[in-house]
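Asks:
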Amino acid sequence: MEIKKNSMFEVDGSVVSLEELIEGYQKSKVKNKKATKSKADLKRADEQKLKPYQAELIKLQKHLEVNNQKMIILFEGRDAAGKGGTIRRVTRYMDEKHYRVVALGKPTEEQKTQWFYQKYIQYFPVGGEIVLFDRSWYNRAMVESVFNFCTKKEYDDFMRGVKGFENDLVRQGIILVKLYYSVTKDEQARRFERRKNDPLRQWKLSEIDMQAQEKWDEFTTTKYNMIKQTHSHRAPWTIIRSKDKIKARLESLKVILHAVDYEGREDSLNYALDPRVVISGAREIEIMDAQVSSTGKFIG
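Mapped onto the numbering used here, the consecutive letters of the sequence shown carry residue numbers 10 to 309.
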């Protein structure tokens with residue numbers, strides 16, 4: 010069908026010419042292209058900010074290797090809180106021979122009959138190695154408890170014994186870093202929606218994820234009890250506010266670097282922790298207690 014150049018069209022109640030339609034389309038195309046480029050540029054700039062600290066992690070890794078030391082980093086938090094993305098940034102430039110990422114599924118029938126920590130201990134580091142747990146034995150204190158995947162006795166036994174277990178690890182020379190990623194309810198919902206609609210992310214969405222928003226308050230109460238009862242001087246919790254993924258990743262790198270007094274530290278870098286993003290476990294309990302006092306409930 011031939012359309013004349015002076016043809017007129019009605020769009021949203023207004024009459025416009027073919028030339029105006031073409032011009033509007035071309036402008037929109039250029040604008041979208043610029044926006045896409047700008048977003049990509051910002052992402053590259055954010056990744057560049059991490060690189061000096063990722064270089065320091067290589068020095069830390071070398072220090073552990075030379076001194077035959079062992080390090081365990083726990084990444085805990087709600088679903089879609091940013092644990093996986095942070096782990097990828099931590100390990101991006103590390104020597105693959107000296108670190109492992111461990112993400113365990115639900116226990117097998119055989120594992121259910123074993124000592125609870127047995128399935129985790131088999132993945133513990135050897136000398137000169139870092140092991141990063143993408144969720145850890147604290148599954149019992151969070152997911153298993155909220156969804157009744159364990160009995161009350163199993164939960165109580167864990168909560169009574171975990172501090173002693175971790176104190177023994179530290180006493181035997183393991184460097185233990187415990188990170189809890191705290192995301193807001195609205196941001197979690199936004200990230201879940203993105204997972205639903207993005208074919209490259211749909212694999213991340215599990216049946217438990219679908220119920221996470223419904224059980225938000227239960228998870229919050231469980232988080233409070235976990236932090237309060239398992240934060241200790243030898244094995245403290247560090248809370249990472251992860252609504253802003255970029256800041257959360259950068260501050261996580263700094264927290265890990267603070268855990269080891271390694272050689273060759275680059276003094277020109279800013280290692281100061283952002284108090285808006287990094288909160289001690291003890292301070293988090295104070296904040297949550299204040300929330301209950303002022304509003305009658307935990308906020309998150």
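Positions of the beta carbon are idealized from the N, C-alpha and C atoms, including for glycine.
So, are the CB atoms of I67 and Y102 less than 7 angstroms apart?
Replies: yes
Asks: With G86 as the anchor, note down where its beta strand (DSSP E) starts and where it stops.
Replies: 79-86
Asks: May I have the straight-line CA-CA distance separating F158 from V152, to the nearest angstrom?
Replies: 8 angstroms
Asks: Figure out for me which residue from V75, K306, L209, I184 has the closest Cα to the Cα of P134.
Replies: Measuring C-alpha to C-alpha distances from P134 to each of V75, K306, L209, I184 identifies I184 as the nearest.
Asks: Considering only their Cβ atoms, is the gap separating Y190 from K92 smaller than 7 angstroms?
Replies: Judged by beta-carbon spacing, Y190 lies within the 7 angstroms limit of K92, meaning their Cβ atoms are closer than that value.
Asks: Tell me whether the segment 206-222 and the segment 264-276 touch, counting them as touching only if at least three CB pairs, one residue from each stretch, are closer than 8 angstroms.
Replies: no
Asks: Quick test of the definition: if touching needs 3 or more C-beta pairs under 8 angstroms, does the segment 275-289 touch the segment 115-124?
Replies: Below 8 angstroms, too few C-beta pairs join the segment 275-289 and the segment 115-124 to call them touching: fewer than three.
Asks: If you measure from the CB of I255, is any heavy atom of the ligand FMN nearer than 6 angstroms?
Replies: This structure lacks the ligand FMN, and indeed carries no ligand of any kind.
Asks: For I265, does the three-state DSSP call read helix, strand or coil?
Replies: helix
Asks: Which residues in the same chain have their Cβ closer than 7 angstroms to the Cβ of M235, if we skip the five residues on either side of it in sequence?
Replies: Y147, A150, M151, listed in sequence order.
Asks: How is the alpha helix (DSSP H) around R149 delimited, first residue to last?
Replies: From DSSP, R149 is part of no alpha helix (DSSP H); its letter is neither H nor E.
Asks: Indicate the three-state DSSP secondary structure (helix, strand or coil) for E202 in the structure shown.
Replies: helix
Asks: When burial is assigned at 16 or more other CB atoms within 10 Å of the CB, is S302 buried or exposed?
Replies: exposed
Asks: Using only alpha-carbon positions, find the residue among S145, Y62, A89 that is nearest to L259.
Replies: Y62
Asks: As an exercise, report each continuous beta strand (DSSP E) stretch of at least 3 residues that is fully enclosed by the segment 58-141, in chain order.
Replies: 79-86, 108-111
Asks: Straight-line CA distance for N279 to K263?
Replies: One alpha carbon belongs to N279, the other to K263, and they sit about 9 angstroms apart.
Asks: Determine, using beta-carbon pairs with one atom in the segment 229-248 and one in the segment 162-174, whether at least three such pairs fall under 8 angstroms.
Replies: Verdict: yes, contact present.
Asks: Exposed or buried, which one is F201 when buried takes at least 16 other CB atoms within 10 Å?
Replies: Buried: at least 16 other Cβ atoms inside 10 Å.
Asks: Between F84 and D143, is the Cβ-Cβ spacing less than 7 angstroms?
Replies: A contact, by the Cβ cut-off of 7 angstroms.
Asks: Apart from the five residues on each side of it in sequence, which residues of its chain come closer than 8 angstroms, Cβ to Cβ, to V186?
Replies: M80, I81, I82, L83, T247, V264, I265, A268
Asks: Rounding to the nearest angstrom, what Cα-Cα distance links G173 and V192 in this structure?
Replies: Between G173 and V192, the alpha-carbon positions lie close to 29 angstroms from each other.
Asks: Give me whichever residues DSSP pairs with K187 in a beta bridge.
Replies: K187 pairs with L83, W246.
Asks: V286 lies in the beta strand (DSSP E); which residues open and close that run?
Replies: For V286, there is no enclosing beta strand (DSSP E), as DSSP marks it with neither H nor E.
Asks: Taking the alpha-carbon positions, what's the R97 to A299 distance?
Replies: 35 angstroms
Asks: Do you know offhand how far K162's Cα is from E293's?
Replies: 27 angstroms
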